[in-house]
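**Q** Before I ask anything, here is the structure I am working with.
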Amino acid sequence: MALGAHELRDRIHTNITNSITPKVSFEFFPANTESMEKTIRRSIEKLESLNPEFISVTYGADGSTRERTFDAIASIQARGTVDAMPHLTCVGAQKDDIASIADEYYELGIRKIMALRGDPQGGAGATYAPTEGGFPYAEQLVEGLAAQHDFDIYVAAYPETHPDAPSPHFDLQNLKRKFDAGASTAITQYFFNTESYLRFRDAAVRMGIDNPIIPGILPVTNFATLQRFSKASSITLPKWLETAFAGLDAEPETRQLIAANIAIEQVIALQAEGVNDFHFYTLNRAELCYAVCHALGVRRANTNENNTVEAAA
Ligand SMILES: Cc1cc2nc3c(=O)[nH]c(=O)nc-3n(C[C@H](O)[C@H](O)[C@H](O)COP(=O)(O)OP(=O)(O)OC[C@H]3O[C@@H](n4cnc5c(N)ncnc54)[C@H](O)[C@@H]3O)c2cc1C
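Sequential numbering from 237 applies to the sequence shown in this note's numbering.
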């Protein structure tokens, strides 16, 4: 029987009291302005206090953010407080290029890497064609990276099926091939229907996949942008989500409150289903993810045994 809201919250309270807290990770995209760079730095400072498993930085599908992704990863890694995980894509790149980027990361001490095909130029929805002399799909990129260094390789998974896949079964087989090629862990595309993740997780187990499939959580603040991206990526937006944000276009603060509430409900529902790892799409801002983590029981590293934060000296 499904647990009610009070029981779920009681369980979280018990977990916090017994120091059973989920593992979290955070995703950023590279800054393209100085002010965004400052925002990212502040956000990372705040979120690293939650002792995340890693902080990842995305990569422009066509390599357009190569330097900026590298610089962001180098500066996170240099902090020495959290593992940095760069994303890497196949689009428009020769195998040699990818190998030299991977070498640079390895020399920097990077051991986790996210291997992706990437979207074609023109974004999600445009037609993809493999680059001559490159890796055609993420599976082959995983194979290449695994042969090159002892990376811990992460890959993408799609609870609602990747839009280019001929069928959900094909897409799940593709995920299995990525694990067989050497990936350890998958992170999912964001979703709002908890059932779709749970069904996907069950189907993966039936296919013989026993690697972790970490849900990607997107706290939403801008419904119009979300609608555009979700359409191109074939992600279902439930009616209730639209209703929750209706009429709030000019009220960003209220949208933040609604966004936090929705994301908190989502992670609590997943936690009730035994999910213990969460990957957050931060959109380069800390506040929402910090609030959601707090609700999940993920607290600052210097929180004492009474779950109160130690006063700053
Ligand atoms: C957590 C996460 C992080 C992401 N980060 C980035 C990022 O940093 N930069 C970026 O550009 N994009 C990123 N993306 C988006 C991703 O690049 C796109 O969704 C892309 O379209 C697919 O990448 P993939 O690695 O899943 O591809 P793949 O696993 O290669 O699959 C792509 C499609 O091709 C199909 N396929 C696989 N093999 C074959 C084959 N041999 N023949 C025919 N079809 C095949 C699959 O079923 C699927 O439909 C991210 C996505 C997720 C979920």
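All C-beta atoms, glycine included, are put in the ideal place defined by N, C-alpha and C. Please read all numbers here as calculations on a predicted model, not as lab measurements.
Counting pairs of beta carbons, one from the region 464-471 and one from the region 501-516, are three or more of them closer than 8 Å?
**A** As far as the Cβ criterion goes, the region 464-471 does not touch the region 501-516, which means the pair count is below three.
**Q** Name the two residues that bound the continuous beta strand (DSSP E) containing H515.
**A** Element bounds for H515: 513-517.
**Q** Along the chain, where does the beta strand (DSSP E) containing I309 start, and where does it finish?
**A** Taken as a continuous stretch (DSSP letters only), I309 belongs to no beta strand (DSSP E), being part of the alpha helix (DSSP H) at 302-315.
**Q** Under 8 Å, do S279 and T518 count as touching if we go by C-beta distance?
**A** Yes. Within cutoff.
**Q** Determine the contact status of G369 and K414, defining contact as a CB-CB distance below 8 Å.
**A** In this structure, K414 does not lie closer than 8 Å to G369 by Cβ.
**Q** Going by the DSSP bridge assignment, what does L324 pair with across the sheet?
**A** Answer is A351.
**Q** When burial is assigned at 16 or more other CB atoms within 10 Å of the CB, is A365 buried or exposed?
**A** A365 should be labelled exposed.
**Q** Pick from N410, Q384, T397, R347: whose alpha carbon is nearest that of R435?
**A** If we check each option's Cα against that of R435, T397 comes out closest.
**Q** Excluding the 5 residues flanking I312 on each side, which residues of the same chain have their C-beta closer than 6 Å to its C-beta?
**A** Same-chain partners within the cutoff: I291, A320.
**Q** With a Cβ-Cβ cutoff of 8 Å, do N194 and E379 count as a contact?
**A** Nothing can be reported for residue 194: it is not among the residues displayed for the chain, which extend from 237 to 549.
**Q** Return helix, strand or coil for P448, following the three-state DSSP convention.
**A** Of the three classes helix, strand and coil, the one that applies to P448 here is coil, per DSSP.
**Q** Excluding five sequence neighbours on each side, which residues of the same chain lie with their C-beta closer than 7 Å to the C-beta of K282?
**A** Answer for K282: A522, Y526, listed in chain order.
**Q** Since P258 contacts V293 with CB under 8 Å, what's their CB separation in whole angstroms?
**A** Between V293 and P258 the Cβ distance is about 22 Å, and since that is not below 8 Å, they are no contact.
**Q** Nearest CA to the CA of D333: which residue from L381, V534, A310?
**A** Taking only the C-alpha atoms, the option nearest D333 is L381.
**Q** Around the C-beta of L493, are 16 or more other C-beta atoms found within 10 angstroms, so that it is buried, or is it exposed?
**A** Burial call: exposed.
**Q** Short check: CB of I445 to CB of K475, under 8 Å?
**A** Cβ atoms of I445 and K475: not closer than 8 Å.
**Q** Within 10 Å of its beta-carbon, does I256 have 16 or more other beta-carbons around it, so buried, or fewer, so exposed?
**A** Exposed is the call here.
**Q** Please confirm whether any heavy atom of ligand 1 lies closer than 7 Å to the CB of A414.
**A** Checking the sequence, you will find Lys at residue 414 rather than Ala. Yes, since a heavy atom of ligand 1 falls inside the 7 Å radius drawn around the Cβ of K414.
**Q** Output yes or no for whether 8 Å exceeds the beta carbon distance between H515 and P451.
**A** Yes.
**Q** By the 10 Å Cβ neighbour count, where 16 or more other Cβ atoms means buried, how is V545 classified, buried or exposed?
**A** For V545, the pLDDT reaches just 44, beneath the cut-off of 50, and the residue's location in the model is therefore unreliable, leaving the point undetermined.
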